[in-house]
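Under the UniProt record's numbering, the letters of the sequence shown match residues 1 to 418, in that order.
First comes the structure, then the notes that go with it.
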Amino acid sequence: MEINNNQLLRFTTAGSVDDGKSTLIGRLLYDSKSIFEDQLESVTNTSAKKGHDGVDLALFTDGLKDEREQGITIDVAYRYFTTPKRKFIIADTPGHIQYTRNMVTGASTANAALILIDARHGVIEQTKRHSFIASLLNIPHLIVCINKMDLVDFSEERYNEIIGQFEEFSSKLLVKDVRFVPMSALLGDNVVNRSENMDWYQGGTLLNILETLHISSDINKIDARFPVQTVLRPQSDEHRDYRGYAGRVASGIYRKGDEVAVLPSGFTSRIKSINAGDLVIEEAYAPMSISITLEDDIDVSRGDMIVKKNNQPEGEQEFDVMLCWLNNDAAKPRAKYTVMHTSNEQRAMIKEVVYKIDINSYSRNPEDKELGMNDIARVTVRTTHRLMLDSYRDNRNTGSIILIDENTNETVAAGMII
């Protein structure tokens with residue numbers, strides 16, 4: 001299978017304290033030679049001062065921990081690295097229960113989630129919580145990194161035992177693709193280089209899995225959705241009558257000549273041309289940023305959605321979402337919020353809290369109607385005008401919303417449409 005050199009893979013890391021997350025990221029960057037020389041020199045010097053024999057890999061990420069401990073807000077730390085096969089963005093989120101919202105933020109755009117498990121402790125409550133959030137956010141690929149195998153004598157039996165523990169509860173989750181890797185981030189076994197200590201393991205290293213993960217099919221190519229961000233009217237001599245609709249393709253494929261409908265008005269037309277910057281192109285697909293011109297002069301503005309005539313999303317004013325509350329202040333009953341859905345903004349209110357979820361046991365509590373920070377609940381939202389919605393399972397881009405407090409302009413919640 002050929003991997004597109006420019007294909008970007010986003011992945012998130014989740015594990016409880018001392019599972020070796022910092023060391024794993026450090027090892028990934030160090031062994032794949034993705035660290036700048038000045039960074040390497042600085043960490044080597046610091047490691048020597050601390051009396052370590054080699055390079056303390058955790059130091060590549062631990063500066064951020066110090067800032068967290070000093071009260072400097074770092075919600076999600078993003079790191080970038082590149083190998084000859086792929087570009088990567090790591091969303092590193094803190095693992096404690098009080099950071100559920102951070103994990104939701106960091107994982108919302110991820111193609112894959114790395115779930116770290118300490119081989120000595122096996123599956124713990126936080127493993128289940130992180131896996132549940134990954135499932136809730138519809139992350140297509142889960143890579144379960146069973147770390148610290150050196151502390152259990154690289155035991156194949158222990159590795160299989162942990163896989164059994166994980167599969168026992170993950171069967172209840174909606175995750176399509178789960179892989180397991182036994183590793184020692186500290187010693188470098190199966191992170192970038194194959195382990196000589198675990199010749200019983202026949203699968204790929206973590207980097208090999210990340211480089212070859214098939215992600216192009218993760219994007220919905222069937223339901224064509226193009227939210228209009230802005231209308232282009234250059235008014236120049238060269239483009240006197242040009243009227244283009246610019247935005248990013250959320251899903252599906254658009255071709256010149258396609259019959260389309262503009263929602264919510266329902267007016268129909270055909271695509272006259274598609275531009276990507278200065279280039280005229282024949283077809284566009286997610287996640288390209290383009291502008292479209294139509295054959296008919298119909299009224300289109302920001303917040304409208306251009307879709308295929310025979311494949312349209314639901315237009316809803318009242319709908320249910322799984323909502324993660326992100327704000328320090330609790331949700332106020334029937335308070336007014338601004339809901340943002342793709343490029344569309346409407347006023348909205350939370351009509352009802354249907355049930356809250358205990359993310360440790362997955363149980364539903366229909367009695368508790370209070371929404372506080374880090375809570376995840378199914379709620380009914382009502383908006384002033386219809387939104388063009390898909391379910392989050394079908395389409396992550398058109399199936400998600402955020403709520404904004406009208407008074408403070410803070411983002412207070414993120415939601416996945418059911």
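The C-beta atom is built at its ideal place from N, Cα and C for all residues, glycine as well.
Query                                                                                                                                                                 : Result
Which of the three DSSP states is assigned to Gln-70 in this structure?                                                                                               : With a pLDDT of only 48 at Gln-70, under 50, the local geometry of the prediction cannot be trusted, and no value is derived from it.
Smallest Cα separation from Ala-77: which of Gln-346, Asn-310, Glu-367, Phe-11?                                                                                       : Phe-11
Just to confirm before moving on: does the CB-CB distance between Leu-326 and Ala-413 stay below 8 Å?                                                                 : yes
Rounded to a whole number of angstroms, what is the C-alpha to C-alpha distance between Arg-27 and Trp-200?                                                           : 22 Å
Find out if the Cβ-Cβ distance for the pair Pro-264, Gly-315 is shorter than 8 Å.                                                                                     : yes
Give me the DSSP bridge partner(s) of Asn-193.                                                                                                                        : Asp-189
Quick one, are the C-beta atoms of Thr-383 and Glu-352 less than 8 Å apart?                                                                                           : no
Note down, one range per segment and in chain order, each beta strand (DSSP E) of at least 3 residues found wholly within the stretch 375-403.                        : 376-389
Suppose only complete runs of 4+ residues qualify. What are the alpha helix (DSSP H) ranges in the stretch 191-261, listed by chain order?                            : 206-212
Residues bridged to Thr-338 by DSSP?                                                                                                                                  : Arg-347, Ile-404
Measure how close the beta-carbons of Asn-220 and Asn-395 come, nearest whole angstrom, since I'm counting them as under 8 Å.                                         : 5 Å
Give the C-beta separation of Val-191 and Leu-206 to the nearest angstrom, bearing in mind that I take them to be a contact with Cβ-Cβ under 8 Å.                     : 5 Å
What is the DSSP secondary structure of Arg-302, counted as helix, strand or coil?                                                                                    : coil
Assuming Ser-131 is part of the beta strand (DSSP E), what are its boundary residues?                                                                                 : Unbroken run through Ser-131 is the alpha helix (DSSP H), 125-136; no beta strand (DSSP E).
Quick check: the stretch 209-217 against the stretch 266-273, are at least 3 beta-carbon pairs closer than 8 Å?                                                       : no
Which partner residues of Arg-270 appear in the DSSP bridge assignment?                                                                                               : Glu-259
Considering only the alpha carbon of each residue, which of Lys-33, Arg-347, Leu-232 lies closest to Ile-404?                                                         : Arg-347
Determine the direct distance from the alpha carbon of Ile-143 to that of Phe-180, and round the result to whole angstroms.                                           : 6 Å
In terms of DSSP beta bridges, what is Ile-90 paired with?                                                                                                            : Phe-11, Arg-79
First and last residue of the beta strand (DSSP E) that includes Phe-180?                                                                                             : 177-182
Let me know the secondary structure DSSP gives Arg-158 once reduced to three states.                                                                                  : helix
From Gly-303 to Glu-345, what distance separates their C-alpha atoms?                                                                                                 : 7 Å
What residues in its chain sit with their C-beta under 6 Å from that of Gln-317, if we drop five residues either side in the sequence?                                : Thr-383, Arg-386
Can you list, in chain order, the residues of its chain whose CB lies under 6 Å from that of Ser-195, leaving out five sequence neighbours each side?                 : Asp-189
Work out the CA separation of Ser-291 and Gly-203 for me, nearest whole Å.                                                                                            : 44 Å
Taking only three categories from DSSP, how would you classify Thr-109?                                                                                               : coil
For Lys-21 and Lys-176, what's the separation of their Cα atoms in angstroms?                                                                                         : 24 Å
Going by DSSP, what residues sit across from Glu-314 in a beta bridge?                                                                                                : Leu-389
Say whether the stretch 242-259 touches the stretch 303-313, bearing in mind that this needs 3 or more beta-carbon pairs closer than 8 Å, one atom from each stretch. : yes
Where does Lys-49 sit, in a helix, a strand or coil, going by DSSP?                                                                                                   : helix
Among Leu-8, Thr-268, Gln-126, Gly-415, which has the Cα closest to the Cα of Thr-83?                                                                                 : Leu-8
Output the distance between the C-alpha atoms of Arg-243 and Ile-417, rounded to the nearest integer angstrom.                                                        : 33 Å
Could you check what DSSP says for Lys-148 in three-state terms: helix, strand or coil?                                                                               : coil
Taking Cβ to Cβ, would you say Ile-90 is nearer than 8 Å to Thr-13?                                                                                                   : yes
Leaving out five residues before and five after Gln-70 in sequence, what residues of the same chain have Cβ atoms less than 7 Å from its Cβ?                          : In this predicted model, Gln-70 has a pLDDT of only 48, less than 50, meaning its place in the structure is not dependable; the value taken from the coordinates is given anyway. Counting only Cβ-Cβ distances below 7 Å, and skipping sequence neighbours, we find nothing.
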